[in-house]
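**Q** In full-length UniProt numbering, the protein residues as written are 1 to 113.
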């Protein structure tokens, strides 16, 4: 059996809403996921996980734009704090972060510091 990618919308009882591509019953391809607490992710999915290029924003103004792998930040990306400071770096699957530089030109600090 060959499954086709279809576009659709799904609402969960916990308040999440997904609009985008589906393969079978999984988020797969380009889409937008909104949470009840105000978080939003727009980008690529692979079998229900954030995977490939995407951006997540939090209600307090923080954001991350960059690469994802298996639902985790992985690869090059930019984290922006709620105060507007940008940190450029390389994220690893284990959650660690290797700074490249901040917008001010230094490599100190990091996401959440």
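Each residue gets a CB set at the ideal place from its N, CA and C atoms; glycine is no exception.
Residue 24: buried (16+ other C-beta within 10 angstroms of its C-beta) or exposed?
**A** Within the chain shown, residue 24 is the residue found at index 24, counting from 1. Exposed, by the Cβ-count rule.
**Q** Less than 6 Å between C-beta atoms, sequence neighbours within five positions excluded: which residues of the same chain meet that for residue 98?
**A** Stepping through the chain shown from its first residue, residue 98 is reached at position 98. Cβ neighbours of residue 98 beyond the five flanking positions: 89 and 90.
**Q** Which word fits residue 12, buried or exposed, when buried means at least 16 other C-beta atoms lie within 10 angstroms of its C-beta?
**A** Your numbering for residue 12 matches position 12 in the chain shown. By the neighbour-count rule (16 or more Cβ atoms within 10 Å), residue 12 is not buried but exposed.
**Q** Give the list of continuous alpha helix (DSSP H) stretches no shorter than 4 residues that lie fully inside the stretch 14-48.
**A** DSSP runs (the alpha helix (DSSP H)) wholly in the stretch 14-48: none.
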